[in-house]
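J.:
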Ligand SMILES: *Cc1c(COP(=O)(O)O)cnc(C)c1O
């Protein structure tokens with residue numbers, strides 16, 4: 003019998019595939035990252051058991067404890083990729099570089115430098131995305147106009163491999179505002195380059211897929227309300 007998480011994952015995958023087909027794209031073009039922040043370790047285990055190959059966490063200490071509980075190595079849980087989607091603090095760069103495979107939230111040169119140094123020191127090449135700010139309410143993220151310059155700096159940073167771009171949509175009920183913000187993300191992605199455009203969460207993944215998302219980050223729609 004399928005677990006509740008497996009059922010939701012299956013349903014979400016087919017809804018995303020339907021949306022992809024509806025906008026002339028191919029099924030399977032969007033990677034689902036299951037966001038397990040503020041969910042207990044057993045949710046992580048259930049997510050991987052349900053077939054999720056990508057897991058996202060926001061808080062370094064929480065992730066460290068849960069990954070240890072689940073018996074994860076730096077490679078991730080049973081080969082699942084671990085994505086860091088929280089704000090990068092330079093004093094936590096070493097931990098982040100050790101625990102995660104893809105850091106989606108590089109929004110300034112200092113964060114890139116600290117992560118590059120930590121990854122090089124650990125003898126690994128860390129995948130990263132630029133976080134670009136597309137919403138006035140969002141605290142973090144590089145301004146779209148500075149994304150080219152930051153992308154250039156990241157490409158010159160030893161220990162890092164720039165794979166693309168991430169952005170968080172505006173919190174609003176106005177679908178037009180979401181569409182405009184994702185349009186800005188897609189245009190900026192065209193200048194940043196790479197193969198990954200990480201936009202779309204539980205409430206706005208449809209707009210994101212229509213705008214060209216290749217990766218959605220889904221928490222509540224898969225795992226329910228977050229616990230603390
Ligand atoms: C929490 C979070 C998500 C998931 O949000 P849901 O609305 O629960 O899908 C995605 N991306 C980031 C950066 C987050 O912090």
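Residue numbers (the numbering used here): 3 to 230.
Glycine is no exception: its CB is placed at the ideal position from the N, C-alpha and C atoms.
1) Counting pairs of beta carbons, one from the stretch 220 to 227 and one from the stretch 141 to 157, are three or more of them closer than 8 angstroms?
2) Indicate whether the contact test is met: 3 or more Cβ pairs, each with one atom in the stretch 116 to 135 and one in the stretch 153 to 172, closer than 8 angstroms.
3) Given that a residue counts as buried once 16 or more other Cβ atoms are within 10 Å of its Cβ, and exposed if not, what is residue 76?
4) Should residue 174 and residue 133 be called a contact, given that it needs their Cβ atoms to be closer than 7 angstroms?
5) Is any non-hydrogen atom of ligand 1 found closer than 6 angstroms to the C-beta of residue 83, if you look at the structure I gave you?
6) Just verifying my parser: in three-state terms, what is the DSSP assignment at residue 124?
7) Quick check on residue 63: buried or exposed, where buried means 16 or more other Cβ atoms within 10 Å of its Cβ?
8) If you drop the 5 nearest sequence neighbours on each side, which residues of the same chain put their C-beta closer than 6 angstroms to that of residue 90?
9) What is the C-beta distance between residue 117 and residue 95, in whole angstroms, given that I count them as a contact (C-beta under 8 angstroms)?
10) Have a look at the DSSP bridge pairing and note the partners of residue 83.
11) Figure out for me which residue from 178, 82, 158 and 203 has the closest Cα to the Cα of residue 102.
12) Around the C-beta of residue 78, are 16 or more other C-beta atoms found within 10 angstroms, so that it is buried, or is it exposed?
13) Determine which residues share a DSSP beta bridge with residue 133 and list them.
14) Cα-Cα, which of 190, 227 and 228 is closest to residue 214?
15) Return the CA-CA distance between residue 4 and residue 145, expressed in angstroms with no decimal places.
T.: To lay it out plainly:
1) no
2) yes
3) For residue 76, the pLDDT reaches just 40, beneath the cut-off of 50, and the residue's location in the model is therefore unreliable, although a value from the coordinates is still provided. Exposed.
4) no
5) Residue 83: no, Cβ never under 6 angstroms from ligand 1.
6) coil
7) exposed
8) 107 and 113
9) 5 angstroms
10) 56
11) 82
12) Since pLDDT at residue 78 reaches only 46, below the 50 mark, its modelled position is unreliable, and the value read off the structure follows with that caveat. The residue is buried, with at least 16 neighbouring Cβ atoms inside 10 Å.
13) 168
14) 190
15) 43 angstroms
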